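Numbering of the sequence shown is given in this note's numbering, commencing with residue 10 and proceeding in unit increments. Working notes, structure below.
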Amino acid sequence: MQRGNARFVAGEPRHPRQDVERRHELESAQKPRAVLFGCSDSRLAAEIIFDKGLGDLFVVRNAGQVVSDSAIASIEYAVAVLEVPLI
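Pasting the structure below:
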């Protein structure tokens, strides 16, 4: 995550894992490596800021970053069902 963000800040993103092959891999299942909770601000996209590809992050967003019941449930789902190791 830190290396991806450093690439974004430096203006050198790789835009990994966004090709047709990756989309086909995701048809059957998702296995994100991290769950992120953040604001639904249209100027921010976690996948871009951390230079990650499709399916790499499970992103939970809402206005104002309010930790609502649905946000908590989404994070719990990511951990319990998808076995995401990093929050």
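Just so you know, even glycine gets a beta-carbon here, dropped at the ideal spot from N, CA and C. Model, not experiment: these values are computed from the prediction.
- Comparing alpha carbon positions, the residue from Ala72, Gln11 and Val44 closest to Arg52 is Ala72.
- For Val90, there is no enclosing alpha helix (DSSP H), since its DSSP letter is neither H nor E.
- Secondary-structure assignment with DSSP links Val68 through a beta bridge to Leu45.
- DSSP links Leu95 through a beta bridge to Ala43.
- Taking C-beta atoms under 8 Å as the contact rule, Asp65 and Arg12 fail to qualify, at a distance of about 13 Å.
- Judged by their CB atoms, Ile84 and Val44 are nearer to each other than the 9 Å cut-off.
- Judged by beta-carbon spacing, Pro41 lies within the 9 Å limit of Val93, meaning their Cβ atoms are closer than that value.
- Membership of Phe17 in the alpha helix (DSSP H) is indicated by the continuous run Gln11 to Val18.
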